[in-house]
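Participant: Take this structure, written in structure tokens, and hold onto it; I'll ask about it next.
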Amino acid sequence: MQKQVVTTLHDTHVKLLAFDLLSLKQSNSSSDPTFFYRRGIPLSRVETLGTVTLVDHKPNKFLRFAIDDATGCVPCILWLNHHSSPFLARRHPNPDHLRLIADAAARSAALVRIGAVARVRGRISSYKGALQVTVSDVVLERDPNAEMLHWLDCVYLARNCYNVLPAPPK
Amino acid sequence: MALEIKSGALVCLRDLQPSSPFFKQGASLRIIGKLNEYSLETGVATIIDGNDILKVSTEHLRDLTFQVGSVYQFIGELLIQPDNEGILQARVGRNVDGIDLNLYHQSLLLLRQFQADHLNNPAI
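Protein sequence lines, in the order shown, are assigned to chains W and A. 1 is the number of the first residue of the first sequence in full-length UniProt numbering; add one for each residue after it. 1 is the number of the first residue of the second sequence in full-length UniProt numbering; add one for each residue after it.
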């Protein structure tokens, strides 16, 4: 039963505080470089929430931004190059599908501005050795209590779920 | 991605006494308090939390209106002036009217404890 739970974390958007997220260890194996490990548990997706404190927008290329959750700053990248990337064209051969994804990314990008409180979901990745989040969606939070409720969620989940899961056998 | 910006450490105004480890030149801080006074001329806001007071320079903030009695959150760097008074140079600010300040202060303590526990038993 527990092994099933561990397996499901692979594709779960795990809620982590920035200091915890930034301390994940990347897999050394060339067979699964997309996994990052927390206490031996492989993770691939994450949810973070905090204040946008930095924005670097290159139209039709990418939007880089930082989410400060009071424990650290999470670097995030939202790709906006759907109409020029051969990689994405190969990955999404249906142009309608690609356009929908591009539109969703553009909507997310429009929400990101300095001072906004945003809930960001995405895939854990790294660039030049530094961990980042490759963003899949952004939601603005208007509740002034949202950040502290996220802290409480993260602490509860870490203590009662993520920390108590056994590491999968190697 | 190398985004060079520091996280604002979560502090209460009472943590910003000169003897506090947070009271350092250039320290990046996140603070919250009720607006007690605001000068349009200087852009300096005075915020309070209980009996504790801090001045906040808001000259870098845009699209934020100030209303005395409202609660604001700021992230920025502490500038300690020659008279040993601290003023926060805010780079981010927002109105947080409606925030549960009691829960906020309790959450702050819980978060600090969690981080301390994590440092003693880090994720590996």
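Ideal placement from N, C-alpha and C gives every residue a C-beta, glycine not left out. This structure is a prediction, so every number in the text was calculated from the model and none was measured.
1) Among the residues of its own chain, which have a CB less than 8 Å from the CB of Ile114/W, if the five just before and after it don't count?
2) Could you give the distance in angstroms between the alpha-carbon of His82/W and the alpha-carbon of Asn60/W?
3) Flag this pair as yes or no: are the beta carbons of Ile80/A and Gln25/A separated by less than 8 Å?
4) Using beta carbons (cut-off 8 Å, strictly below), is Val56/A in contact with chain W?
5) Quick one: does Leu152/W have its CB under 8 Å from some CB of chain A?
6) If contact means a Cβ-Cβ distance below 9 Å, which residues of the stretch 136-164 of chain W contact chain A?
7) What residue from Asp153/W, Ser23/W, His57/W and Ser84/W has the CA that sits closest to Gly72/W's CA?
8) Need the endpoints of the alpha helix (DSSP H) that Leu80/W sits in, please.
9) Taking 8 Å as the threshold (beta carbon to beta carbon), is Gln17/A in contact with chain W?
10) Between the stretch 46-64 of chain W and chain A, which residues of the former have CB atoms less than 7 Å from a CB of the latter, in chain order?
11) Indicate the three-state DSSP secondary structure (helix, strand or coil) for Gln26/W in the structure shown.
12) If you check the beta carbons only, do Val164/W and Ala146/W fall under 8 Å apart?
13) Could you confirm whether any beta carbon from chain W is found closer than 8 Å to the beta carbon of His60/A?
14) The beta strand (DSSP E) spanning Phe65/W covers which residue range?
15) Which residues in the same chain as Gly43/A place their Cβ atom closer than 7 Å to its Cβ, once the five residues preceding and following it in sequence are excluded?
16) Reducing DSSP to helix, strand and coil, say where residue 182/W ends up.
17) Please confirm if Thr34/W has its CB atom under 8 Å from at least one CB of chain A.
18) What does a CB cutoff of less than 6 Å around Lys25/W pick up in its chain, not counting 5 residues either side in sequence?
19) Roughly how far, in whole angstroms, is the beta-carbon of Ala109/W from the beta-carbon of Leu78/W, given that I think they are within contact range, below 8 Å?
20) How many whole angstroms separate the CB atoms of Leu64/A and Arg94/A, which I take to be in contact at a CB cut-off of 8 Å?
21) By the criterion of Cβ-Cβ separation under 7 Å, what are the contact partners of Gln115/A in chain W?
22) Rounded to a whole number of angstroms, what is the C-alpha to C-alpha distance between Cys154/W and Phe65/W?
23) Which class does Gln4/W belong to by DSSP, given the choice of helix, strand or coil?
24) Report the neighbours of Arg30/A on chain W: residues whose CB is nearer than 7 Å to its CB, in chain order.
Facilitator: This is what the structure gives:
1) Excluding residues within five positions, the ones whose Cβ falls inside 8 Å are Val52, Thr53, Leu54 and Val55.
2) Rounded to whole angstroms, His82/W to Asn60/W spans 8 Å at the Cα level.
3) In this structure, Gln25/A lies closer than 8 Å to Ile80/A by Cβ.
4) Closer than 8 Å: no.
5) For Leu152/W, a Cβ of chain A is located within less than 8 Å of the residue's own Cβ.
6) Identification of residues in the stretch 136-164 of chain W having a C-beta nearer than 9 Å to some C-beta of chain A yields Asp143, Pro144, Asn145, Glu147, Met148, Leu149, Trp151, Leu152, Cys154, Val155, Ala158, Arg159, Tyr162 and Asn163, given in sequence order.
7) Closest by alpha carbon: Ser23/W.
8) Careful: Leu80/W lies outside any alpha helix (DSSP H) and carries neither H nor E.
9) For Gln17/A, the answer is no, since every Cβ of chain W falls outside 8 Å of its Cβ.
10) Against chain A - using a Cβ distance shorter than 7 Å - the residues of the stretch 46-64 of chain W are Thr51, Thr53, Leu54 and Arg64.
11) In the three-state DSSP reduction, Gln26/W falls in the strand class (E or B).
12) In this structure, Ala146/W does not lie closer than 8 Å to Val164/W by Cβ.
13) No - not a single Cβ of chain W is within 8 Å of the one on His60/A.
14) Phe62 to Asp68 is the span of the beta strand (DSSP E), which, as asked, contains Phe65/W.
15) If we look at Gly43/A and ignore the five residues flanking it on each side, its Cβ neighbours are Ser57, Thr58 and Glu59.
16) Residue 182/W lies beyond the residue range present for chain W, which begins at 1 and ends at 170; the question has no answer from this structure.
17) No, because no Cβ of chain A sits closer than 8 Å to the Cβ of Thr34/W.
18) Closer than 6 Å at Cβ, skipping near neighbours: Tyr37.
19) About 6 Å separates the two Cβ atoms, so the contact holds.
20) With 8 Å as the limit, Leu64/A and Arg94/A qualify as a contact, their Cβ atoms being about 7 Å apart.
21) Simply Phe19 and Thr71.
22) Each residue's Cα considered, the two are about 21 Å apart.
23) Note that Gln4/W scores a pLDDT of 49, beneath 50, so its modelled location is shaky; the value from the coordinates is reported in the next line. Gln4/W falls in the helix class under three-state DSSP.
24) In chain order: Ala70.
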